[in-house]
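Residue numbers (the numbering used here): -17 to 311.
All C-beta atoms in this analysis are idealised placements derived from N, C-alpha and C, irrespective of residue type, glycine included.
Computed from a predicted structure; not experimentally measured.
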């Protein structure tokens, strides 16, 4: 993966997670403390390093809250920040970075720097305000210890998987995401058909979720009528109905679902597979998605659109991974 694509994907994933954290407090600006929280749940080596030191999302949130309150006290202000609620980023809009956070992310990819999460973390601990250093102190560690740990785990084998590739006539994409929950909890979530609308953006409602969950069982789903922010979704009639089939379920580490359009002639089904692995502080989830390429003249016509198709694969994988992570935060 080239530097530009890597930096763009890192920025996208960190922006989403940081702004989700800001939304818990009713804020519309994400600052460097929210960026730190985003790195704690990041699937790249930066997140691995933080979790290796025993820093999870709950302890990091508490340390950030304590540091904010300490700053107010040092200024002689008797007040506190709003109590945190649930993540509402996907239901609202108008979010942006503070200037210092935006500049820090830009700096992580300047002058030959790779722009990955590790580079962002290195810039964050060196940030001159000392905010992150103080937060790390509350978490029982130091910037030096963190950088030593990051140096140890920041290797090519820890990098994220490619966003999309070709395989035997299919368009295929794969990515990984870290989830702050045990493997058993993630397994229950991903094997429950009633929870599919929480991670599959094309499904708004799923009927007959009380059916036995065994390979070959099929459910009928319907596209969402509204976006998370309440705006209506415009969709063609033939795309309203979805078929959902459980293809494979191998406890405790593999699940595969197939999604199709029963009202679309010659419509291709989409296979979504999950592979779960125990990780420090939670579960590493590998998500892959694939569908058959069109054959004959339709395939030739679609050829110039391959780069767009690969980008759309990455977007859908990113949305799915983010939704799974959000469900446990």
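Local Cβ density within 10 Å of residue i, reported as buried at 16 or more and exposed below that
i: residue 71; result: buried
i: residue 210; result: exposed
i: residue 212; result: exposed
i: residue 208; result: exposed
i: residue 134; result: exposed
i: residue 155; result: buried
i: residue 59; result: exposed
i: residue 308; result: buried
i: residue 25; result: buried
i: residue 100; result: buried
i: residue 170; result: exposed
i: residue 6; result: buried
i: residue 158; result: buried
Helix, strand or coil at residue i [DSSP, three-state]
i: residue 157; result: strand
i: residue 300; result: helix
i: residue 203; result: strand
i: residue 185; result: coil
i: residue 222; result: coil
i: residue 64; result: coil
i: residue 115; result: helix
i: residue 178; result: helix
i: residue 265; result: strand
i: residue 28; result: helix
i: residue 228; result: strand
i: residue 10; result: coil
i: residue 194; result: coil
i: residue 109; result: coil
i: residue 307; result: helix
i: residue 162; result: coil
Cβ separation of residue i and residue j, assumed to be a contact under 8 Å, to the nearest whole Å
i: residue 195; j: residue 228; result: 6 Å
i: residue 27; j: residue 132; result: 7 Å
i: residue 191; j: residue 176; result: 4 Å
i: residue 107; j: residue 129; result: 7 Å
i: residue 93; j: residue 105; result: Actually they do not touch by this definition, with Cβ atoms about 12 Å apart.
i: residue 225; j: residue 206; result: That pair is no contact at about 16 Å.
i: residue 262; j: residue 34; result: 6 Å
i: residue 29; j: residue 160; result: 6 Å
i: residue 299; j: residue 168; result: Not quite, the Cβ-Cβ distance comes to about 16 Å (not below 8 Å), so this is no contact.
i: residue 22; j: residue 42; result: 5 Å
Run of the alpha helix (DSSP H) containing residue i, from where it starts to where it stops
i: residue 258; result: Here residue 258 belongs to no alpha helix (DSSP H); instead the beta strand (DSSP E) covers 252 to 261.
i: residue 313; result: With the chain running from -17 to 311 in the structure shown, residue 313 is simply not present.
i: residue 211; result: Where residue 211 is concerned, there is no enclosing alpha helix (DSSP H), given that its DSSP letter is neither H nor E.
i: residue 166; result: 165 to 173
i: residue 133; result: 125 to 135
i: residue 3; result: -15 to 5
Residue i: first and last residue of the uninterrupted beta strand (DSSP E) it sits in
i: residue 94; result: Unbroken run through residue 94: none, as it is neither H nor E.
i: residue 242; result: 236 to 242
inquiry  = Closer than 8 Å is the cut-off here; do at least three beta carbon pairs connect the segment 156 to 164 with the segment 50 to 57?
reply    = no
ask   = Is the number of C-beta pairs between the segment 217 to 234 and the segment 120 to 135 that are closer than 8 Å three or more?
value = no
ask   = Any contact of the segment 247 to 261 with the segment 108 to 115, i.e. 3+ C-beta pairs under 8 Å?
value = no
request  = Pair every Cβ in the segment 12 to 25 with every Cβ in the segment -7 to 2, then say whether three or more of these pairs are closer than 8 Å.
outcome  = yes
query = Taking three-plus beta-carbon pairs below 8 Å as touching, is the segment 5 to 13 in contact with the segment 71 to 87?
reply = yes
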